[in-house]
Amino acid sequence: MTIGYGEAGGKIILMGEHSVVYGKPAIALPFSKAQTQCYVDFIKGDTTIDCFYYQGPLHKAPLLLKGVVALVNATLTYLNQEHDGLFIRIESSLPPQRGLGSSAAVSVAIVRALFDAFKTPLTHEILSELVHVSESIHHTNPSGLDASTIASEQVVFFEKGKEKQFISMKIDGYLVVADTGRHGQTKQAVSEVRTMWIENPEHVNPILDRLGELTIEASMFLRSNKVEELGVCMSEAHSLLRSINVSDDALEHLVKVAMESRALGAKLTGGGKGGCMIALCANLEDAIVVAENLKQAGASNTWFYNLSEVISK
Ligand code: MEV
Numbered sequence: 002m003t004i005g006y007g008e009a010g011g012k013i014i015l016m017g018e019h020s021v022v023y024g025k026p027a028i029a030l031p032f033s034k035a036q037t038q039c040y041v042d043f044i045k046g047d048t049t050i051d052c053f054y055y056q057g058p059l060h061k062a063p064l065l066l067k068g069v070v071a072l073v074n075a076t077l078t079y080l081n082q083e084h085d086g087l088f089i090r091i092e093s094s095l096p097p098q099r100g101l102g103s104s105a106a107v108s109v110a111i112v113r114a115l116f117d118a119f120k121t122p123l124t125h126e127i128l129s130e131l132v133h134v135s136e137s138i139h140h141t142n143p144s145g146l147d148a149s150t151i152a153s154e155q156v157v158f159f160e161k162g163k164e165k166q167f168i169s170m171k172i173d174g175y176l177v178v179a180d181t182g183r184h185g186q187t188k189q190a191v192s193e194v195r196t197m198w199i200e201n202p203e204h205v206n207p208i209l210d211r212l213g214e215l216t217i218e219a220s221m222f223l224r225s226n227k228v229e230e231l232g233v234c235m236s237e238a239h240s241l242l243r244s245i246n247v248s249d250d251a252l253e254h255l256v257k258v259a260m261e262s263r264a265l266g267a268k269l270t271g272g273g274k275g276g277c278m279i280a281l282c283a284n285l286e287d288a289i290v291v292a293e294n295l296k297q298a299g300a301s302n303t304w305f306y307n308l309s310e311v312i313s314k
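Basically my numbering = 1-based index in the sequence shown + 1.
Pasting the structure below:
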C-alpha cells in the first residue's frame, strides 16, 4: 500500500541557459507533457530504491544515483525519521538527460512523496533546499533554475540569488520541443563554458551579457504577444550558445530544419551537447508541419506546447 506519493513535471528553458550560471536572467516554462512519480511504502529492513537504473538497497545504489541517495538521506534527516524501512519506487515518462529537467523532477517527486509519507507539510523553501542537495551532485553548482521552475510549476523569470519572479504571459504561439535522442551533457557543457570563461573572459563575457539582454527582451515579448520578435531572440540566443560550444551536430541539424520549415525561431534548450531543441511557431498548423519535418530529420520525439495555455499566476 502506498503511504506517500509525489509527482513533478519537467521544464523547458526558453532563454538564458548557461548565462544564468553567471548571474544573468533566464526564463523557464513548466513542462507537464511528461511526468515523474514517486511512491513510498513501509517495508521491513533496508530502505530500497526501485527505478529504471537500479533496484536494490539504497546504501548499495550505483554512483549514478549518488544524488538520489544523498537526497533521500537528507530528507529523512530533516523529517527526523529512521533511514531504513522504506520502499521508494520512481517512475518517469520524462526522458532522462535531455535538458527537460528530469533529474530535478525526480528529486522534487521524491521529496514530495517522503513528506507525504510522514504527513508533514512541505514549503517551497524546504523543497528547494532539499532538491539543491541532489542537484549539486548531478550538476555541480547548479543555478537553481530547474528546481525553481519544476517546484513552482509556473513560468519563471529567474536570476541566481534573487527572489524568483513569475511571468504573466500573453502570447499566441506554439513551441515544438524536439528530442535529438542523444543524451545531453549538462555537467560537461557547464564545465567547458567555465574553462572558456576563465581562459578567455574578453570573448565570453560579451556573449553572456548579450544572452542576458535577449532574455529581458524575450520577457517583454512574452507579455505583449510579439511572437515574431520572440523567435528572432531565440535564434540569436542559439547562435550565441553555439559560439560557446554547447551545441552539437544533431542540435544544429534540427535547428536548421526548423528554420527552413515554418519556425519563427529555434534554439537548443537546457544544458546542450545533445538533448532537446525548441522551435517557435505562429500557430498549430505551422507547428504540425515543423514537428513532422523534425521527425523526418531524425528527432526521436516531439511535443507541442501551446504558449497561450500556460498557466501564469
Ligand atoms: C541546465 O538545465 C541549465 C544550465 O543553465 C545549468 C544551470 O542553470 O545550472 C545549463
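Even for Gly, the Cβ is constructed at its ideal location relative to N, Cα and C.
Going by the CB atoms, is the gap between ALA152 and VAL109 shorter than 8 Å? Walking along the sequence shown from the start, residue 109 turns up at place 108. Walking along the sequence shown from the start, residue 152 turns up at place 151. It is a contact, given that the beta carbons lie within the stated cut-off.
Exposure of ILE199, with buried meaning 16 or more beta-carbon neighbours within 10 Å: The count along the sequence shown starts at 1 and reaches residue 199 at position 198. ILE199 should be labelled exposed.
Do HIS239 and the ligand MEV come close, with the Cβ less than 7 Å from some heavy atom? Counting from 1 along the sequence shown, the entry for residue 239 is found at position 238. False, no ligand heavy atom lies under 7 Å from that Cβ.
Distance check for SER149 and SER129, CA to CA, integer angstroms please. For the purposes of this step, residue 129 is identified with residue 128 of the sequence shown, where counting begins at 1. For the purposes of this step, residue 149 is identified with residue 148 of the sequence shown, where counting begins at 1. Using only the alpha carbons, I get a separation of about 7 Å.
For ALA35, which three-state DSSP category applies? Looking up residue 35 in the sequence shown gives position 34. Strand.
Roughly how many angstroms lie between the CA atoms of GLY276 and THR78, to the nearest whole one? Against the sequence shown, residue 276 aligns to sequence position 275. Against the sequence shown, residue 78 aligns to sequence position 77. C-alpha separation (whole angstroms): 34 Å.
Hey, quick one: how far does the beta strand (DSSP E) through ILE279 stretch, first residue to last? Your numbering for residue 279 matches position 278 in the sequence shown. That run of the beta strand (DSSP E) goes 277 to 282.
Using only alpha-carbon positions, find the residue among ILE14, PHE159, PRO96, ALA114 that is nearest to ALA238. Locating residue 238 in the sequence shown gives position 237, where the first residue counts as 1. Residue ILE14 is the option with its Cα nearest to ALA238.
If I follow the unbroken alpha helix (DSSP H) through ILE111, where does it start and stop? Residue numbering aside, residue 111 sits at position 110 when the sequence shown is read from its first letter. Unbroken alpha helix (DSSP H) run through ILE111: 103 to 118.
Whether PHE32 touches LEU101 by CB criterion (8 Å): Counted from its first residue, the sequence shown places residue 32 at position 31. Counted from its first residue, the sequence shown places residue 101 at position 100. Yes; because the gap between Cβ atoms is below 8 Å, this pair is in contact.
For a test of your reading of the model: does the CB of PRO97 fall under 7 Å from any non-hydrogen atom of the ligand MEV? Yes or no. For the purposes of this step, residue 97 is identified with residue 96 of the sequence shown, where counting begins at 1. False, no ligand heavy atom lies under 7 Å from that Cβ.
Taking contact to mean at least 3 C-beta pairs separated by less than 8 Å, is the segment 224 to 235 in contact with the segment 132 to 150? no
Pair within 8 Å by beta-carbon distance, PHE305 and ALA280: Here the question's residue 305 lines up with position 304 in the sequence shown. Here the question's residue 280 lines up with position 279 in the sequence shown. No, the pair does not count as a contact, with Cβ atoms beyond the cut-off.
Measuring alpha carbon to alpha carbon, tell me which residue in ILE217, MET170, ASP210, THR49 is nearest LEU242. Against the sequence shown, residue 242 aligns to sequence position 241. Here the closest residue by C-alpha is ASP210.
For GLY182, which residues in the same chain have their Cβ closer than 6 Å to its Cβ, ignoring the five residues on either side in sequence? Locating residue 182 in the sequence shown gives position 181, counting from the first residue. So the qualifying residues of the chain are SER301.
Got a sec? Which residues, its chain only, sit under 8 Å from HIS254 by beta carbon, not counting five neighbours each side? Taking the sequence shown and counting its residues from 1, the one referred to as residue 254 is at position 253. Counting only Cβ-Cβ distances below 8 Å, and skipping sequence neighbours, we find ALA298, GLY299.
Decide yes or no for the touch test of the segment 22 to 29 against the segment 69 to 76: beta carbon pairs closer than 8 Å, at least 3 of them. no
At the level of alpha carbons, what is the spacing between THR187 and GLY11? Along the sequence shown, one-based indexing puts residue 187 at 186. Along the sequence shown, one-based indexing puts residue 11 at 10. Between THR187 and GLY11, the C-alpha separation is close to 15 Å.
Just checking GLU18 against the ligand MEV - is the residue's beta carbon closer than 7 Å to any of the ligand's heavy atoms? Sequence index remark: in the sequence shown, residue 18 carries index 17 (1-based). Checking every heavy atom of the ligand MEV against the Cβ of GLU18, one is found closer than 7 Å.
Work out the CA separation of MET16 and ASP250 for me, nearest whole Å. As a working mapping, residue 250 is identified with position 249 in the sequence shown. As a working mapping, residue 16 is identified with position 15 in the sequence shown. Those two C-alpha atoms are separated by around 20 Å.
If you draw a straight line from the alpha carbon of GLY5 to that of PHE88, how long is it in whole angstroms? Taking the sequence shown and counting its residues from 1, one reaches residue 5 at position 4. Taking the sequence shown and counting its residues from 1, one reaches residue 88 at position 87. One C-alpha to the other measures close to 10 Å.
Does any heavy atom of the ligand MEV sit closer than 7 Å to the C-beta of ILE13? Stepping through the sequence shown from its first residue, residue 13 is reached at position 12. Flag unset: Cβ of ILE13 not near the ligand MEV.
Just how far apart, CA to CA, sit ILE245 and LEU215? Looking up residue 245 in the sequence shown gives position 244. Looking up residue 215 in the sequence shown gives position 214. Taking the straight line joining both Cα atoms gives about 16 Å.
Which residues does DSSP list as the beta-bridge partners of ASN307? Here residue 307 is taken as the residue at index 306 of the sequence shown, counted from 1. Answer is TYR175, bridged to ASN307.
Quick one: give me the first and last residue of the beta strand (DSSP E) that PRO58 is part of. Within the sequence shown, residue 58 is the residue found at index 57, counting from 1. 56 to 58 is the extent of the beta strand (DSSP E) around PRO58.
Please state the DSSP three-state secondary structure of THR270. By one-based count along the sequence shown, residue 270 stands at place 269. In the structure shown, THR270 sits in a strand (DSSP, three-state: E or B).
Sheet register partners of ASP147 (DSSP bridge): Taking the first residue of the sequence shown as 1, we reach residue 147 at position 146. Answer by DSSP bridge pairing: none, since ASP147 is not bridged.
C-alpha distance - MET260 paired with HIS139, whole-angstrom precision: The sequence position of residue 260 within the sequence shown is 259, counting from 1. The sequence position of residue 139 within the sequence shown is 138, counting from 1. Taking the straight line from one Cα to the other gives about 33 Å.
Can you tell me the Cα-Cα spacing of ILE127 and THR270, whole angstroms? The residue labelled residue 127 in the question sits at position 126 within the sequence shown. The residue labelled residue 270 in the question sits at position 269 within the sequence shown. If you take the alpha carbons of ILE127 and THR270, they lie about 27 Å apart.
Alpha carbon to alpha carbon, how far is LYS296 from SER262? Here residue 296 corresponds to residue number 295 of the sequence shown, with the count starting at 1. Here residue 262 corresponds to residue number 261 of the sequence shown, with the count starting at 1. The alpha-carbon atoms of LYS296 and SER262 are separated by roughly 12 Å.
Please go through the same chain and pick out, in chain order, the residues whose beta-carbon is closer than 6 Å to the beta-carbon of HIS184, but skip the five residues on each side of it. As a working mapping, residue 184 is identified with position 183 in the sequence shown. The residues are GLN98, GLY275.
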